[in-house]
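Beneath this line is the structure, given in structure tokens, with notes to follow.
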Amino acid sequence: MVSTDAPTPTRIPASRYVVFATLAAAGCAIDLATKHWAFAQPSLAGGAILWWIDGIAGVQRSLNEGALFGMGQGATPWFAALSALAAVAIPIWLFGLRVALDLWMTVALGLVMGGVLGNLYDRVGMPGLVWGVDWPHEPRHQIGEPIYAVRDWVLWQASDRWRWPNFNIADALLVVGAGMLVLRASFPGQEAAPESPSPNPQ
């Protein structure tokens, strides 16, 4: 009896490369464009707030020298190194280990990659901001020293007493992508296996 079972696919479709690259590039571009817009507004200097929904959501600029939502302040070099490592490791994991055969994982890691690149851009000082010139001087920095910090601008609060740390589009991409990874780990999907015809009697 000859088996007619279809082989499990091992070749990654070209569309998965397109999906990953598009999400990563678009996410990073949107993040950087919105940061540039927020930090170019003279009316937002000095911690001023532009409310979109009065008392709930708006725009307020801040700098984050830590990780997501302000954790680990002052450890920018470490987070920059981890971000650079992630930017290399994610494509290797996704395509080298054929994780991209799963579309859900491809989308999730594309979002994560966009967030990683957007914040890495800030952490290595690419925006060109300077302490005491583009941002008020802080004691732990020298005037004229380059700023190596993530630019945050999204303000959200439930009330004046309950306020979420300022964040940016890259942070949102990281959270959504990480959430998708957790869901996949919690509820692993089954790849649809091609149906095998009943074996013909000999």
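The numbering of the sequence shown is the UniProt record's numbering, which starts it at 1 and goes up by one. Beta carbons are placed, not taken as given, at the ideal position from N, Cα and C, and that holds for glycine.
Buried or exposed by the 16-neighbour rule on C-beta atoms within 10 Å, applied to residue 105:
Here residue 105 refers to the residue found at position 105 of the sequence shown. Its Cβ being crowded by 16 or more others within 10 Å, residue 105 is buried.
Any contact of the segment 123-132 with the segment 44-59, i.e. 3+ C-beta pairs under 8 Å?
Under the Cβ criterion (8 Å, minimum of three pairs), the segment 123-132 does not count as touching the segment 44-59.
Strictly by DSSP, which residues pair up with residue 152?
The sequence position of residue 152 within the sequence shown is 152, counting from 1. Beta bridge pairing from DSSP links residue 152 with 62.
Check residue 133 in the structure and name its three-state DSSP category.
Translated into positions along the sequence shown, residue 133 becomes position 133. In the three-state reduction of the DSSP assignment, residue 133 falls in the coil class, being assigned neither a helical nor a strand state.
Would the beta-carbon of residue 108 fall within 8 Å of that of residue 181?
Counted from its first residue, the sequence shown places residue 108 at position 108. Counted from its first residue, the sequence shown places residue 181 at position 181. Yes, the Cβ-Cβ distance between residue 108 and residue 181 is below 8 Å.
Once the 5 residues before and after residue 50 are set aside, which same chain residues still bring their CB inside 8 Å of it?
Indexing the sequence shown from 1 puts residue 50 at position 50. In the same chain as residue 50, and ignoring 5 residues on each side of it, the C-beta atoms closer than 8 Å to its own belong to 41, 43, 44, 58, 59 and 60, in chain order.
Please report the Cβ distance between residue 94 and residue 20, rounded to the nearest whole angstrom; I am assuming they are in contact, meaning their Cβ atoms lie under 8 Å.
Walking along the sequence shown from the start, residue 94 turns up at place 94. Walking along the sequence shown from the start, residue 20 turns up at place 20. Between residue 20 and residue 94 the Cβ distance is about 6 Å, and since that is below 8 Å, they are a contact.
Kindly indicate which three-state DSSP category residue 111 falls into: helix, strand or coil?
On the sequence shown, position 111 is the one that residue 111 refers to. Looking at residue 111 - three-state DSSP - the assignment turns out to be helix.
Can you tell me which of 156, 116, 103 and 110 puts its alpha carbon nearest to the alpha carbon of residue 67?
Here residue 67 is taken as the residue at index 67 of the sequence shown, counted from 1. Comparing Cα-Cα distances from residue 67 to each of 156, 116, 103 and 110, the minimum goes to 116.
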